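Novice:
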Amino acid sequence: MISSLRHMLQHNLAAKIVALIVAVVLWGYVMNDQNPAIEGTYNVQIKLKNVPEGYKISQENGTVKVKVRGARSLFVSTNSEDFKAYVDLKDAENGKKAYKVQVETPQGFEVVDEKPSTVEVTLDRIVERKVRAIVNVNGAPAPGVAVAKVSQASSEVVVEGPESAVNEVDRVIGYIGLTGKNDSDFDIQVPLTAINAEGREVQEVVVKPSKMYVTIQMARGLMKKIVTVQASIADDLGKGYEFVGSKVDPLKIEIAGNEKAISAVDTLMTEKISLAGVTGNTDRTVKLVLPEGIAVTNQEVVVHLLVKEKKKD
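Residue 83 in the working numbering sits at position 83 of the sequence shown; the count goes up by one each step and never skips.
1) Bridge partners for Leu306 per DSSP, in chain order?
2) Between Arg284 and the rest of its own chain, which residues show a CB-CB distance below 8 Å, the 5 nearest in sequence each way excluded?
3) Can at least three beta-carbon pairs, one atom from the segment 103 to 121 and one from the segment 140 to 153, be found at a separation below 8 Å?
4) Out of Gly221, Val101, Thr267, state which residue places its alpha-carbon closest to the alpha-carbon of Val289.
5) On the CB-based measure, 16 or more other CB atoms within 10 Å of its CB, does Asp249 come out buried or exposed?
6) Could you tell me the distance, in whole angstroms, from the CA atom of Ser184 to the CA atom of Pro143?
7) How about Val229 and Lys252: do their beta carbons lie closer than 8 Å?
8) Using a Cβ-Cβ cutoff of less than 7 Å, which residues in the same chain neighbour Lys56 once the five nearest sequence positions on both sides are dropped?
9) Does the structure place the segment 129 to 146 close enough to the segment 59 to 72 that three or more beta carbon pairs sit under 8 Å?
10) Is it true that the CB of Ile233 sits closer than 8 Å to the CB of Leu178?
11) Got a sec, what are the start and stop residues for the alpha helix (DSSP H) Glu271 sits in?
12) Does DSSP put Val22 in a helix, a strand or coil?
13) Smallest Cα separation from Arg72: which of Pro36, Lys247, Thr41?
14) Given this structure, state the Cα-to-Cα distance separating Met31 from Val76, to the nearest angstrom.
15) The beta strand (DSSP E) spanning Lys130 covers which residue range?
16) Since Glu60 and Phe83 are thought to touch, with beta carbons under 8 Å apart, how far apart are those beta carbons, to the nearest angstrom?
17) In the DSSP assignment, the beta strand (DSSP E) including Arg284 goes from what residue to what residue?
18) Given this structure, state the Cα-to-Cα distance separating Ile226 from Val145, to the nearest angstrom.
19) Identify, in the order they occur along the chain, each residue of the same chain with its Cβ nearer than 8 Å to the Cβ of Lys287, setting aside the five sequence neighbours on each side.
20) Candidates Thr118, Asp235, Gly280, Asn50: which alpha carbon is nearest Leu89's?
21) Within 10 angstroms of its Cβ, does Arg171 collect 16 or more other Cβ (buried), or is it exposed?
22) Please check the pair Val205 and Val166, which I expect to be a contact at CB under 8 Å, by giving their CB distance rounded to whole angstroms.
23) Under 8 Å, Cβ to Cβ, is there at least one residue of chain C near Ser77?
24) Would you check if the distance between the CB atom of Ile294 and the CB atom of Ala261 is smaller than 8 Å?
25) Using only alpha-carbon positions, find the residue among Lys130, Thr282, Leu48, Val296 that is nearest to Pro141.
26) Ordered along the chain, which non-local residues of its own chain (more than five positions away) have a Cβ less than 8 Å from that of Leu192?
27) Using CA atoms only, rank isn't needed, just tell me which of Glu168, Asn182, Lys181 is closest to Ile195.
28) Output the distance between the C-alpha atoms of Thr122 and Gln102, rounded to the nearest integer angstrom.
29) If you compare alpha carbons, which of Met218, Lys96, Thr282 is closest to Ala256?
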């Protein structure tokens with residue numbers, strides 16, 4: 001029986017091999033004709049992998065356009081969700097950098113092209129920093145009543161957020177309204193807002209604590225007086241630049257206090273204003289330096305700094 005089977009297999013062996021090859025070729029031709037390789041494009045969402053903790057993460061592009069090749073039958077049951085695209089942040093560092101987009105396809109597909117091939121991702125470290133806290137008092141109290149003293153729970157608070165935003169914060173500020181207040185002292189929780197040197201609110205930071213406990217002491221019989229405000233300018237302007245001058249807004253301000261304290265004050269100075277890094281005209285909001293026994297409704301003024309580049313010889 002075995003010899004009969006061997007004889008049957010070996011009989012006309014060359015013809016049988018040729019027939020097998022022809023069958024395979026015909027099968028491949030038919031399959032290629034009926035189910036040819038084609039190309040298609042999918043928009044795939046880019047995900048971030050191995051995201052480090054303690055950073056604010058932002059990416060330039062959210063999707064990648066992936067061009068693939070595969071048998072036509074594969075495209076019938078495939079959609080963009082079957083493809084995976086990601087950026088690996090395992091060795092990422094603080095700052096902005098372009099990272100390679102990795103694409104994974106379902107079995108049977110070949111990636112022809114991907115756009116973009118890289119994506120810029122920014123890692124902004126979450127940090128904390130202490131900044132000064134200032135409470136401004138607005139509005140007019142009842143006739144004959146003045147603010148004797150404003151006492152804050154703290155002169156500093158902490159701001160937390162992405163490093164780029166935290167570095168922009170110059171101070172936090174709160175406001176208290178005095179309109180119609182009588183001579184009774186009062187306490188209040190004042191919401192705090194982080195602002196930059198130009199007085200604009202800085203987003204993406206958290207103030208800790210978010211409110212400041214403030215005590216306002218009111219008094220009757222205090223004398224009032226209008227005095228001039230003068231800017232105190234530091235001598236630290238960079239080389240190659242010239243300080244032209246400064247203008248204070250408001251130039252004059254009303255102060256309150258007892259007769260002895262009032263008579264000794266004709267000018268209020270601002271805190272020292274640094275010119276380091278100033279390369280042109282700019283504004284700075286600064287705090288007033290108040291002598292003992294002197295009170296003001298608003299403790300801040302705006303100083304317009306006039307700076308120009310020196311002429312080259």
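Just so you know, even glycine gets a beta-carbon here, dropped at the ideal spot from N, CA and C. Quick caveat, the model's predicted, so the values are computed rather than measured.
Specialist: Walking through what the data contain:
1) Gly245
2) Ala197, Ile273, Val302, Val303, Leu305
3) no
4) Thr267
5) exposed
6) 13 Å
7) yes
8) Asp124, Ile126, Pro162
9) no
10) no
11) Note, Glu271: premise wrong, no alpha helix (DSSP H); beta strand (DSSP E) at 267 to 273.
12) Only weak support exists for where Val22 lies, its pLDDT of 49 falling under 50; the value from the coordinates is given anyway. Reduced to three states, the DSSP call for Val22 is helix.
13) Pro36
14) Its pLDDT being 49, under 50, Met31 is placed unreliably by the model, and the measurement read from it follows with that caveat. Straight-line Cα distance between these residues: approximately 16 Å.
15) 118 to 138
16) Not a contact, Cβ separation roughly 20 Å.
17) 282 to 289
18) 16 Å
19) Arg132, Ile134, Thr270, Glu271, Gln299, Glu300
20) Asn50
21) buried
22) 6 Å
23) The question asks about chain C, but that chain is absent: this structure has only one protein chain.
24) yes
25) Val296
26) Ala133, Val157, Val172, Ile173, Gly174, Val207, Pro209, Ser210, Lys211, Met212
27) Glu168
28) 18 Å
29) Met218
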